Amino acid sequence: MKKPTGRNRRRSTLGAHVAGRRAGQRFDAERGVVTEALVFLGDLDPEAIGENLAHATHYEATPVRDFGRLIAHVPFALNDATFIDLGAGMGRVVLLAAMRPFRQVVGVELSPALTAIARRNIRCAPRDAFRCRDVRIVCADAAKYSFPRGPLVVYLYNPFDAAVLAPIAARCAAQRRPLTLVYHTPVQRAVIEVLPAFELLAEEPCGVVYRLVQHAQA
Ligand SMILES: C[S@@+](CC[C@H](N)C(=O)[O-])C[C@H]1O[C@@H](n2cnc3c(N)ncnc32)[C@H](O)[C@@H]1O
2 MKKPTGRNRR
12 RSTLGAHVAG
22 RRAGQRFDAE
32 RGVVTEALVF
42 LGDLDPEAIG
52 ENLAHATHYE
62 ATPVRDFGRL
72 IAHVPFALND
82 ATFIDLGAGM
92 GRVVLLAAMR
102 PFRQVVGVEL
112 SPALTAIARR
122 NIRCAPRDAF
132 RCRDVRIVCA
142 DAAKYSFPRG
152 PLVVYLYNPF
162 DAAVLAPIAA
172 RCAAQRRPLT
182 LVYHTPVQRA
192 VIEVLPAFEL
202 LAEEPCGVVY
212 RLVQHAQA
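Numbering-wise (my numbering), the sequence shown opens with residue 2 and increments by one.
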């Protein structure tokens, strides 16, 4: 097989990006929601956000197909687990997780404007597609959010830099319960990988999945 040249690689990355955007637009149109967007928090509601605005990335939704690829690696039953999207944006991942049999699905979002859009999306999305009945969006800084009880799936789509991620990762590492960390576009993965409590469970082109080793048998 011919090795892809730099230009071919760029073309195929661009092709995948365009296909991902189309799939995102289709996802929105089929459900009457708005999640496909690129938004910089500084252009939206900077005055309503606290000091962690400086550490936040922009809003962009997880490509629909990537979510399925990553979530397939969760090593425990979903029905007594809570799924938490730290940096939920307009709620694409919350909607996708709600279609799985989680006990609870929570989106935590820093921006009040994005929170309002996510809540509207959850109200508008067809209920019959939901397999989880307890779906909510909390407007909060992920750094200050307390995890609910029970097994957890913590999802991150590159929401913030290492300054915010490091204490959250340490808090996850200190949990004494099954916890899977799903990290899409893991720009700060070194922050997770220095913590011996985490074991790399799977690696996909779009992201990585870790579990807490003390609960490996759970
Ligand atoms: C790349 S988007 C991901 C959106 C969504 N999770 C998804 O995958 O479709 C990152 C989101 O994280 C939010 N965010 C950044 N810092 C945050 C923080 N400290 N607490 C909560 N949300 C934060 C941003 O406002 C943005 O909506």
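The beta carbon of each residue, even a glycine, is placed where N, CA and C say it ideally should be. Predicted, not measured: the structure shown is a model, and the values here were computed from it.
- Beta bridge pairing from DSSP links Ile85 with Val107 and Val155.
- With a cut-off of 6 Å, the C-beta of Asp86 is classified as near ligand 1, since at least one heavy atom of the ligand falls inside that distance.
- Short note on Ser112: C-beta closer than 6 Å to some heavy atom of ligand 1.
- By the beta-carbon neighbour count (other beta carbons within 10 angstroms, threshold 16), Gln26 is exposed.
- DSSP places Phe199 in no alpha helix (DSSP H) but in the uninterrupted beta strand (DSSP E) bounded by Phe199 to Glu205.
- Val155 sits buried, since 16 or more C-beta atoms from the chains shown fall within 10 Å of its C-beta.
- Proximity of the beta carbon of Ala57 to ligand 1 is indicated: a heavy atom of the ligand is located closer than 6 Å.
- Set against 6 Å, the gap from the CB of Asp29 to the closest heavy atom of ligand 1 is not smaller.
- Per DSSP, Gly16 has no beta-bridge partner at all.
- When C-beta atoms of the stretch 74 to 86 are compared with those of the stretch 41 to 52, fewer than three pairs fall below 8 Å, so the two segments do not count as touching.
- Excluding five sequence positions before and after Met100, the CB atoms of its chain that fall closer than 7 Å to its own CB belong to Ala130, Phe131 and Arg132, given in chain order.
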